[in-house]
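Q: Same order as they appear, the protein sequences are chains G and S.
Letter by letter, the first sequence follows residues 1 to 508 in the numbering used here.
Letter by letter, the second sequence follows residues 1001 to 1374 in the numbering used here.
Below you'll find the structure I mean.
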Amino acid sequence: MSKNLQAHLQTYFGYGAFRPGQEEIIRSVLAGENVLGVLATGGGKSVTYQLPALLLPGITVVVSPLISLMMDQVQQMRAQRRIPSTYLNSLLDPTDMREVIREIECGIHKLVYISPEKLQQSYIQALLRKAGVSLIAIDEAHCISQWGHDFRTDYLRLPEAIRALGNPPVLAVTATATTAVRKEICDLLEIKPEHVITQSLNRKNIAIEVIPVPDETERRTQVLRQMDELKGQGIVYCSTRQAVEVLTASYQLVGKRKVHAYHGGMNSMERMLIQQQFLSGELDMIVATNAFGMGIDKPDIRFVIHYQLPASMEAYVQEIGRVGRDGEAGYAVLYYTWEDVQIHQYMMEREYPTRRQIEQLAALLRQQKTPTPEMLASIEMTQEMADLLLFYAERVSASYRDEAAATLEPGMELLHHPDQVYEELEKRKLLKQQKLMEMIRFVQERENCLRKSINGYFGETEHESTLQCCSVCGISRTLYKESSPTASVGRKEVNWDLRQILSVLLPK
Amino acid sequence: MISRSMEAQEQDFLYAVALNAMIPLAKERTLQAVYYILRGRKASQTVQDVHLYSLYPYYRMFPHFSKENWDKIVSNLVQRDFIQVRAVASMNGKSTFLVTKEGVQYAAKLSSQFDLHRWFAPFSSELAINRLDTFWKKLHLSVQTVSQIAEARMDFLPVVTDRRIQSWVKSQLSSAAARQMWQAQLGDELYELWSPYPVQVQQILAGQLTGARQTGRTTGQLAVEMDLAPSYFQLLFRYGLASSAERLQREMETFPVLKNLLDGEWQERGDTRLSESAAKTYALVQRGHSRADIARMRRIKESTVEDHLVEMALRCPEWDASAYLSPDLASAIVHASEKLGTGRLRLIKDHLGAEVSYLHIRLALARKKGEATS
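Here is the structure:
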């Protein structure tokens, strides 16, 4: 069997050997167990459900929280691995939807990526059940946890959906899960402790540095200098789009290397072009918000600079995890000032609805069961906010009556129990505050090894490092500097020749 | 990397566009109306304005323009006394504006500095603008796909993520014969299409394309490389797309593969002098249907049909409007308008009396304007 699995790995994915943990997860999945796999970012989580999908009859359903990630993965599956796969989410228009449904009915696809909300719909459940589901993979499984940093209400409803699909085996995978979050995932999805397969999250080849700076001017000076000096390609993360734009513009004025901004406010064509330029090495660095990186599998990213304090340890670890997936030396540096904390406080305030907005939503819901985006916009509420409120309203009222009657009128429930719903929100805000406090505690660490505190946060004791450890243990930056930096910007003056350009693009 | 001189160029360009768009609307519309046109608002009032005043090149010129940016431009133009804001009682308290003599001169100077007439030339109807985005995406993905086919490497990530465009390209290239034809023809046809254009336009179009051996650049990157102000760059880009589409439409037989980029409606649509909806109304009018009939048949408001009639009066000199407006009444209205020195409906109506309708006045003025410009 082992040989067999490896042969399949070679045939379909072109890899000679499994990464640590992968094979064990796949074996348990093929044995029909419910499994939780915790693999470091870049540890090859997707192979653990993609390979079984090929070996099992019927389809494997992959629940994924991010639509863009879903589309990327399906694209890759189709293009590089030639594995028939598709996705179902709210972005499909009715024509495409019908087409995809027909394909699933005909049994064309081995993998069906789906958003959690789409999976709640009963006709989709019926469709999938009829097509035969052999495995449900839950990507980014930490979204299940109410106490996680990325809680998604739809994830909590997954057990019902799994039952509706005929109780196939479940594989939950994540890269960032504290001990408490793991327990929550296992409780909800009925995963036995012996089927939790954890790979160390410690990234030995990444050196970790934290630099406190007194003010913005000082920070900018230092970061701009490092962007010129660091070896290889890298990512600079900022907290806001505006910070991304400002830093990119100032670097382009003084810097020697090729840089471009990347954030959710850019159109999709621009984002794809920038991403491809980075992948192909035409760009040295990308300055980005957290919108950049998900689903990007580039092995030779050499450094990540955090221009500002990330919102949580989970986010931080995920972002530095993009460095050095090839196992070569990598470097992660984080700058912070006290102003960063205020930015996060401000963003947190805006993320949650006010007491007044809760009442306004309740009023809207009395007029109409599902408010339109325009109606929500009129009370300055996002769809996510509304979903969260309804979820809490439902839960709060469930504790007042018997369960059967619990989902009657979300608007009425919100109207009757606004205080309790608001309390729940306050709890979530508090949780985010705690996450931020953990992050602050980490950056203030001056005595204990940073690697130990990261890994300790996720309940691990391992803290080995291959080259250098961290700025508390002592670090020499020269190792990550380019010995003889050369400028890569500067216009190449070439004579324009349309014929020649077109023949490069479209050779005959 | 946007230099100071480029910022100045950008500002000048914005003034050039704003002032030139304002001139035809002076004394008749609010400044807000000009802003809506440049933003490309889809509201019917804005679309009507574009048609009535022939502002096609301006429509959706700055789709991401913020109100703050606009207010800054306006206040600058006011400060330099190129425009003056006027409150008028008869426009429901809304204020209109006028362009001063200096303003008109300045507009003309900037217009020739940026060669606006040349770049505006291919915009003969607003409808093209709405389709240019799709046209460009189809072209971009066709080039990327054909390039990958040529290298026999199908493991690529399409830069165009729009699913509809992707399935369109897939269906175009589904047969081996079609793939062969695209591969043999596409490069040559693009050369034929683009080689007459100024080098800058060629660079803007070809520089964004992605293939197996080359990743395209974003509009921002190209603008910096070419030292062009971002908005001016966008205009040249739009010029390239619009004139490409226009030439393909005219010379389909010269471009056997590229002509497929034009969608069906583009290839066969009604009277191109009119907006799509007005063209449909015109067809019904020619068959003798009444205003009320048309409204019912097309399920639109009667007032919308009236808007179409005004468009027809403006653009279709051959249309006999006498069923709606007698020649005598028409000349009386034109006369009153000239005497009062205004095109504003309320003033003319007050002058002529209650039996004259707004539709009468609008038709008469549109007719007169159509004669003056044709």
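Note that CB positions come from ideal geometry on N, CA and C, so glycine has one too.
Where do the ends of the alpha helix (DSSP H) carrying residue 134 (chain G) lie?
A: Taking the first sequence and counting its residues from 1, one reaches residue 134 (chain G) at position 134. Counting along the chain, residue 134 (chain G) falls outside any alpha helix (DSSP H), though it belongs to the beta strand (DSSP E) covering 133-138.
Q: Should residue 18 (chain G) go down as buried or exposed, given a rule of 16 or more other Cβ atoms within 10 Å for buried?
A: Translated into the one-based positions of the first sequence, residue 18 (chain G) becomes position 18. Classification for residue 18 (chain G): buried.
Q: Can you tell me where the beta strand (DSSP E) holding residue 1084 (chain S) begins and where it ends?
A: Stepping through the second sequence from its first residue, residue 1084 (chain S) is reached at position 84. That run of the beta strand (DSSP E) goes 1083-1087.
Q: Does DSSP put residue 402 (chain G) in a helix, in a strand, or in coil?
A: Locating residue 402 (chain G) in the first sequence gives position 402, where the first residue counts as 1. Here residue 402 (chain G) scores only 48 on pLDDT, less than 50, and its place in the model is too uncertain to base an answer on.
Q: Residues of chain S with CB under 7 Å from residue 501 (chain G), in chain order?
A: As a first step, residue 501 (chain G) must be located in the first sequence, where it is residue number 501. Going along chain S in sequence order, the residues near residue 501 (chain G) (Cβ under 7 Å) are 1206.
Q: Identify, in the order they occur along the chain, each residue of the same chain with its Cβ nearer than 8 Å to the Cβ of residue 1243 (chain S), setting aside the five sequence neighbours on each side.
A: The residue given as residue 1243 (chain S) occupies position 243 in the second sequence. If we look at residue 1243 (chain S) and ignore the five residues flanking it on each side, its Cβ neighbours are 1121, 1122, 1197.
Q: Under DSSP, the alpha helix (DSSP H) around residue 1207 (chain S) begins and ends at which residues?
A: Taking the first residue of the second sequence as 1, we reach residue 1207 (chain S) at position 207. Note, residue 1207 (chain S): alpha helix (DSSP H), 1199-1207.
Q: If we call anything under 7 Å between Cβ atoms a contact, is residue 1098 (chain S) one with residue 1026 (chain S)?
A: If you number the second sequence from 1, residue 1098 (chain S) lands on position 98. If you number the second sequence from 1, residue 1026 (chain S) lands on position 26. Yes, they are a contact pair.
Q: If the criterion is Cβ atoms closer than 7 Å, does the pair residue 1305 (chain S) and residue 1342 (chain S) meet it?
A: Reading the second sequence from its first residue, position 305 is the one you call residue 1305 (chain S). Reading the second sequence from its first residue, position 342 is the one you call residue 1342 (chain S). Contact: no.
Q: Assign residue 125 (chain G) to buried or exposed, taking buried as 16 or more other Cβ atoms, counted over all protein chains shown, within 10 Å of its Cβ.
A: Numbered from its first residue, the first sequence carries residue 125 (chain G) at position 125. By the neighbour-count rule (16 or more Cβ atoms within 10 Å), residue 125 (chain G) is buried.
Q: Anything in chain S within Cβ reach of residue 496 (chain G), meaning under 8 Å, just list it in chain order.
A: Along the first sequence, one-based indexing puts residue 496 (chain G) at 496. Ordered by position in chain S, the residues that pass the 8 Å Cβ test against residue 496 (chain G) are 1199, 1202, 1203.
Q: So what does residue 334 (chain G) bridge to, in DSSP terms?
A: Taking the first sequence and counting its residues from 1, the one referred to as residue 334 (chain G) is at position 334. Answer by DSSP bridge pairing, in chain order: G:210, G:306.
Q: Could you confirm whether any beta carbon from chain S is found closer than 7 Å to the beta carbon of residue 97 (chain G)?
A: In the first sequence, counting from the first residue as 1, residue 97 (chain G) sits at position 97. Output row for residue 97 (chain G): interface = no.
Q: Going by DSSP, what residue range makes up the beta strand (DSSP E) through residue 260 (chain G)?
A: Residue 260 (chain G) sits at position 260 when you count from the first residue of the first sequence. Counting along the chain, the beta strand (DSSP E) containing residue 260 (chain G) begins and ends at 259-262.
Q: Measure the CB-CB distance between residue 25 (chain G) and residue 37 (chain G) and report whether it falls below 7 Å.
A: As a first step, residue 25 (chain G) is located in the first sequence; it is residue number 25 there, counting from the start. As a first step, residue 37 (chain G) is located in the first sequence; it is residue number 37 there, counting from the start. Yes, these two residues count as a Cβ contact at 7 Å.
Q: Spell out whether any CB of chain S is found under 7 Å from the CB atom of residue 88 (chain G).
A: For the purposes of this step, residue 88 (chain G) is taken as the residue at position 88 of the first sequence. So no, residue 88 (chain G) is outside the interface.
Q: Less than 7 Å separating the beta-carbons of residue 79 (chain G) and residue 1162 (chain S)?
A: Taking the first sequence and counting its residues from 1, the one referred to as residue 79 (chain G) is at position 79. Taking the second sequence and counting its residues from 1, the one referred to as residue 1162 (chain S) is at position 162. No; because the gap between Cβ atoms is not below 7 Å, this pair is not in contact.
Q: Return the CA-CA distance between residue 422 (chain G) and residue 381 (chain G), expressed in angstroms with no decimal places.
A: Here residue 422 (chain G) refers to the residue found at position 422 when the first sequence is read from its first residue. Here residue 381 (chain G) refers to the residue found at position 381 when the first sequence is read from its first residue. Residue 422 (chain G) and residue 381 (chain G): Cα-Cα distance of roughly 15 Å.
Q: Verify the CB distance criterion: does residue 1215 (chain S) have a CB-CB separation below 7 Å to chain G?
A: On the second sequence, residue 1215 (chain S) is found 215 positions in, with the first residue counted as 1. By this cut-off, residue 1215 (chain S) is an interface position.
Q: What does residue 507 (chain G) touch in chain S if you count any residue whose Cβ is under 7 Å from its own?
A: Residue mapping note: residue 507 (chain G) aligns to position 507 of the first sequence, counting from 1. Going along chain S in sequence order, the residues near residue 507 (chain G) (Cβ under 7 Å) are 1150.
Q: Whole angstroms is fine: what's the gap from residue 396 (chain G)'s alpha carbon to residue 312 (chain G)'s?
A: Residue 396 (chain G) sits at position 396 when you count from the first residue of the first sequence. Residue 312 (chain G) sits at position 312 when you count from the first residue of the first sequence. So the two alpha carbons sit approximately 28 Å from each other.
Q: Any beta carbon of chain G sitting closer than 7 Å to that of residue 1041 (chain S)?
A: Here residue 1041 (chain S) corresponds to residue number 41 of the second sequence, with the count starting at 1. No, because no Cβ of chain G sits closer than 7 Å to the Cβ of residue 1041 (chain S).
Q: Going by the CB atoms, is the gap between residue 34 (chain G) and residue 191 (chain G) shorter than 7 Å?
A: Mapped onto the first sequence, residue 191 (chain G) falls at position 191. Mapped onto the first sequence, residue 34 (chain G) falls at position 34. Cβ atoms of residue 191 (chain G) and residue 34 (chain G): closer than 7 Å.
Q: Starting from residue 392 (chain G), follow its DSSP beta bridges and name the residues at the other end.
A: What you label residue 392 (chain G) is simply residue 392 of the first sequence in a count that begins at 1. According to DSSP, residue 392 (chain G) bridges with nothing at all.
Q: Pick out the complete alpha helix (DSSP H) segments inside the segment 1165-1237 of chain S, 4 residues or longer, and give them in chain order.
A: As far as the segment 1165-1237 of chain S is concerned, its whole alpha helix (DSSP H) runs of at least 4 residues are 1176-1194, 1199-1207, 1219-1226.
Q: Given residue 284 (chain G), which residues of its chain have a CB within under 7 Å of its CB, disregarding the five upstream and five downstream residues?
A: As a working mapping, residue 284 (chain G) is identified with position 284 in the first sequence. Answer for residue 284 (chain G): 233, 257, 258, 259, 488, listed in chain order.
Q: Is the shortest distance between the beta-carbon of residue 1110 (chain S) and the beta-carbons of chain G less than 7 Å?
A: The count along the second sequence starts at 1 and reaches residue 1110 (chain S) at position 110. Chain G contact via Cβ: absent.
Q: For residue 481 (chain G), which residues from the same chain have a beta carbon less than 7 Å from its beta carbon, with the 5 sequence-adjacent residues on both sides left out?
A: Numbered from its first residue, the first sequence carries residue 481 (chain G) at position 481. Cβ within range, chain order: 229, 230, 231.
Q: Quick one, which of G:85, G:114, G:77, G:106 has its alpha-carbon nearest residue 539 (chain G)'s?
A: A question about residue 539 (chain G) goes unanswered here, because the residues of chain G that appear run from 1 up to 508.
Q: Just to make sure I have the definition right: I need the residues of chain G whose C-beta is within less than 8 Å of the C-beta of residue 1184 (chain S). Which are they?
A: To locate residue 1184 (chain S), count along the second sequence from 1; it is residue 184. Within chain G, the residues near residue 1184 (chain S) are 508.
Q: When you compare each of G:293, G:479, G:435 to residue 328 (chain G) by their alpha carbons, which one comes out closest?
A: If you number the first sequence from 1, residue 328 (chain G) lands on position 328. Out of G:293, G:479, G:435, G:479 has the C-alpha closest to the C-alpha of residue 328 (chain G).
Q: Determine, for residue 1163 (chain S), whether the minimum Cβ-Cβ distance to residues of chain G falls below 7 Å.
A: Position 163 of the second sequence, counted from the start, is the residue given in the question as residue 1163 (chain S). Yes, residue 1163 (chain S) counts as interfacial toward chain G.
Q: Relative to the C-alpha of residue 519 (chain G), which residue among G:357, G:366, G:369, G:367 is closest?
A: Coverage of chain G is limited to positions 1 through 508, which leaves residue 519 (chain G) absent and any answer about it impossible.
Q: Let's test the definition: count the other Cβ atoms within 10 Å of the Cβ of residue 1070 (chain S) and tell me whether it reaches 16, buried, or not, exposed.
A: Within the second sequence, the letter at position 70 stands for residue 1070 (chain S). By the neighbour-count rule (16 or more Cβ atoms within 10 Å), residue 1070 (chain S) is buried.
Q: Ordered along the chain, which non-local residues of its own chain (more than five positions away) have a Cβ less than 6 Å from that of residue 520 (chain G)?
A: Outside the shown range of chain G, which is 1 to 508, sits residue 520 (chain G), and nothing can be said about it.
Q: Of the residues G:332, G:302, G:340, which one's Cα is nearest the Cα of residue 316 (chain G)?
A: Taking the first sequence and counting its residues from 1, the one referred to as residue 316 (chain G) is at position 316. Checked all of G:332, G:302, G:340; the closest Cα to residue 316 (chain G) is G:332.
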